Amino acid sequence: MKKLLIIITTFMVMSSCATTNQAKLSRIEARKDKKLAEQASVKQAVESKRYIIKLERLYFTHGGMADLIPTANYIIIDGDNAIINTAYLGRQYSSIWPVIAINMKGKSKNYSLTNNPSKGTYIIKMDVLNGKTNSFDVNLSIGESGLCHVSVSSLMIDWVNYSGHIVPIEPKKDGPDPKSVVI
-15 MKKLLIIITT FMVMSSCATT NQAKLSRIEA RKDKKLAEQA SVKQAVESKR YIIKLERLYF
45 THGGMADLIP TANYIIIDGD NAIINTAYLG RQYSSIWPVI AINMKGKSKN YSLTNNPSKG
105 TYIIKMDVLN GKTNSFDVNL SIGESGLCHV SVSSLMIDWV NYSGHIVPIE PKKDGPDPKS
165 VVI
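For the record, in the sequence shown the residue sitting at position 113 is 97 according to my numbering, with numbers rising by one throughout.
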């Protein structure tokens, strides 16, 4: 009887170990699939020029950093349209009023995208113009995982560096104009 009990107990322990390994392998596969889907989403967003960069940190010119609120500090690229809304702390030129933020809606010009598959990064350089008065040089380095580093400069301010992550903008869906729908 003892031998039967030992055999049954051994069989139960071995079957529970096999189930745990299968569950662990399925979790690993799910993580890999999720990572590949995120990388494909980032690639599609960068190549279609439809994304939001939520900025999380501001890096000072001479060292140090400040945490930012990503919902209030962002760069939106939607085709040729660009919106920059970020905090600024640094040197300024030709202005008697202090520059504490960059808030601009304009057009992206000279947009150049370089893909570096060996490093898994996209390098984007562009000029964001608001009419003829304001102009910002924006350099983006976006990793396949969605992490990015941003450098912004202008004639009125010094270089400022940020880090954050990219959020793809969903493609436009064909359908009725929301303004024309009667409720």
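Backbone N, C-alpha and C fix where the C-beta goes; we use that ideal spot for every residue, glycine too.
Every value quoted in this text rests on a predicted model; they were computed, and no experiment measured them.
- If you look at VAL83, you'll find it isn't in any beta strand (DSSP E); DSSP assigns it neither H nor E.
- The alpha-carbon separation between ASP17 and ASP64 amounts to approximately 32 Å.
- Between VAL112 and the set TRP81, ILE12 and PHE120, the nearest pair of CA atoms involves PHE120.
- ILE108 and ALA85 have their C-alpha atoms roughly 22 Å apart.
- If you draw a straight line from the Cα of ILE(-8) to the Cα of ARG11, it is about 29 Å long.
- When DSSP assignments are scanned along the segment 67 to 137, the uninterrupted stretches of beta strand (DSSP E) that are 3 or more residues long and fall wholly within it turn out to be 85 to 100, 105 to 114, 118 to 127 and 131 to 137.
- In the same chain as ASN94, and ignoring 5 residues on each side of it, the C-beta atoms closer than 8 Å to its own belong to LYS109, MET110 and ASP111, in chain order.
- Closest by C-alpha distance to SER32, out of ILE68, LEU39 and ALA24, is ALA24.
- Looking at the DSSP output, ARG41 shares a beta bridge with ASP51 and SER147.
- Ranked by Cα distance from VAL136, the options ASN123, THR98 and SER129 are led by ASN123.
- A residue is called buried when at least 16 other Cβ atoms come within 10 angstroms of its Cβ; ALA50 does not meet this threshold and is exposed.
- Going by beta carbons, ASN114 and ASN87 fall outside the 8 Å limit.
- In this structure, ARG41 places its C-beta atom within 8 Å of the C-beta atom of TYR146.
- Spatial neighbours of GLU128 in its own chain (CB-CB distance under 7 Å, excluding positions within 5 residues in sequence) are listed in chain order as GLN23, VAL26 and GLY104.
- Counting C-beta atoms within 10 angstroms of its own C-beta, ALA21 has fewer than 16 neighbours from the protein chains shown and is therefore classed as exposed.
- Counting along the chain, the unbroken beta strand (DSSP E) around ILE61 starts and ends at 58 to 62.
- In terms of Cβ geometry, SER102 and ILE61 do not form a close pair [threshold 8 Å].
- Taken through DSSP and simplified to helix, strand or coil, ILE141 comes out as strand.
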